[in-house]
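Reviewing the structure listed below.
In our numbering, the protein residues as written are 473 to 876.
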């Protein structure tokens with residue numbers, strides 16, 4: 473493969489799978505375990521690149537499907553590529569569009585050739601094949617591109633999982649054959665649904681392709697936490713230790729802690745940014761709803777001792793509640809800054825714990841407290857009892873109206 477990224481492990485937890493590493497890309501290095509802020513439309517909502525740097529973000533994620541619809545990958549290429557277009561000089565990873573098969577299920581139809589989407593913008597037909605997904609990402613120019621895959625919502629049958637696994641492997645082979653940029657790495661995506669043996673088989677098939685890195689997809693889409701942990705373990709047991717491992721769409725602070733403990737190096741999720749816009753804030757003592765009346769006259773910051781720019785500059789909960797109720801953009805920005813800082817600090821703490829050989833105790837202490845009592849299911853996505861692909865009757869996912 474391209475070798476556009478390199479990955480080194482500097483420490484690991486004795487007797488465990490957690491590891492401390494460094495991912496080097498053409499646009500800079502990333503300390504792992506790392507959290508990627510989601511910038512679907514070439515922006516992390518309400519923030520600019522200086523804000524992202526201030527909260528400790530080293531790498532961000534954008535979405536090839538959405539950017540191919542608006543403003544168009546070819547236009548972005550003509551303007552110098554995604555880094556220049558959005559003014560972010562650090563590493564970027566782009567998702568291929570496979571997740572939209574889940575999140576925009578009512579507007580998508582899958583076949584062996586690829587995915588046919590009805591654009592949620594204007595209804596136009598879009599054929600997303602593995603080759604087209606690579607072509608879009610090569611035009612965008614991120615450091616890391618993802619193969620096209622087929623994720624499944626929960627519940628699903630074994631036959632459905634086997635079919636999705638087969639397509640995902642074939643699509644990864646086609647993506648690998650289509651990929652030509654030497655300055656861009658290509659990651660595969662482990663699928664296999666709810667079945668541990670299929671997760672292992674998917675990992676084996678992808679490792680044989682010798683890709684630059686490997687993601688685990690199709691998690692946190694409605695299954696329980698124990699099931700998530702077992703499925704992730706099944707995959708990471710077989711993924712090569714010398715290559716980066718990325719868990720897609722995960723998740724809550726507790727998810728990240730458990731994911732690090734199961735050998736994951738990279739994460740992304742809309743949760744910190746989307747929750748901020750809904751007035752929900754993350755703290756070590758648990759989630760805070762700025763909407764609650766108890767904050768109306770609260771002169772203190774979101775969290776005492778927090779080093780984020782919002783708390784450090786003395787913005788009070790009372791002020792943030794006022795901004796939120798008035799729908800002022802500053803409120804969304806400050807709360808997004810806090811939540812992303814919280815996530816980055818959480819993984820910085822994980823890295824320090826791994827370096828000191830104390831990850832097991834560190835994780836156990838946090839998971840025994842409020843961070844270990846995360847509710848099931850992603851924000852605004854599928855969860856227990858929520859309709860997923862192929863199950864009509866539910867509302868369209870939030871992504872149609874609120875893509876991060």
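All residues carry an ideal CB built from backbone N, CA and C; glycine is no exception.
Please state if the CB of residue j and the CB of residue i are separated by a distance shorter than 8 Å.
i           : j           : result
residue 624 : residue 632 : yes
residue 531 : residue 565 : yes
residue 539 : residue 586 : no
residue 477 : residue 682 : no
residue 537 : residue 600 : yes
residue 689 : residue 662 : yes
residue 627 : residue 823 : no
residue 719 : residue 736 : yes
residue 675 : residue 704 : no
residue 789 : residue 770 : yes
residue 726 : residue 547 : no
residue 717 : residue 686 : yes
residue 699 : residue 653 : no
residue 878 : residue 803 : Coverage of the chain is limited to positions 473 through 876, which leaves residue 878 absent and any answer about it impossible.
residue 691 : residue 721 : yes
residue 739 : residue 488 : no
residue 608 : residue 650 : no
residue 833 : residue 510 : no
residue 549 : residue 534 : no
residue 486 : residue 829 : yes
residue 576 : residue 542 : no
residue 563 : residue 629 : no
Under three-state DSSP, which class holds residue i?
i           : result
residue 695 : coil
residue 477 : coil
residue 496 : strand
residue 568 : coil
residue 590 : strand
residue 558 : helix
residue 833 : helix
residue 642 : helix
residue 620 : coil
residue 501 : strand
residue 761 : strand
residue 606 : helix
residue 753 : strand
residue 542 : coil
residue 784 : helix
residue 626 : coil
residue 844 : helix
residue 636 : helix
residue 648 : helix
residue 704 : helix
residue 577 : helix
residue 876 : coil
residue 766 : helix
residue 888 : An answer regarding residue 888 cannot be provided, because it is not within the stretch 473 to 876 covered by the chain.
residue 514 : coil
residue 612 : helix
residue 838 : helix
Span of the beta strand (DSSP E) holding residue i?
i           : result
residue 598 : 597-600
residue 679 : Segment 668-679 is the alpha helix (DSSP H) holding residue 679; no beta strand (DSSP E) there.
residue 740 : 738-740
residue 507 : 506-510
residue 729 : Counting along the chain, residue 729 falls outside any beta strand (DSSP E), though it belongs to the alpha helix (DSSP H) covering 725-733.
residue 582 : 580-583
Pull the bridge partners of residue i from the DSSP assignment, please.
i           : result
residue 661 : 687
residue 491 : 484
residue 441 : Because the chain spans 473 through 876 in this model, residue 441 falls outside it and cannot be assessed.
Starting from residue i, follow the alpha helix (DSSP H) in both directions and report where the run begins and ends.
i           : result
residue 919 : Residue 919 falls outside the range modelled here, since the chain spans only 473 to 876, and no answer is possible.
residue 777 : Premise fails: residue 777 is in no alpha helix (DSSP H) and is neither H nor E.
residue 745 : 743-749
residue 816 : 801-827
residue 548 : 545-550
residue 526 : 521-526
residue 790 : 789-797
Is residue i near the ligand NAP, with its Cβ less than 7 Å from a heavy atom?
i           : result
residue 614 : The ligand content of the structure shown is nil, which means the ligand NAP is not present either.
ask   = Taking three-plus beta-carbon pairs below 8 Å as touching, is the region 731-748 in contact with the region 809-816?
value = yes
inquiry  = I want to know whether the region 546-561 touches the region 570-579 - three or more CB-CB distances under 8 Å.
reply    = no
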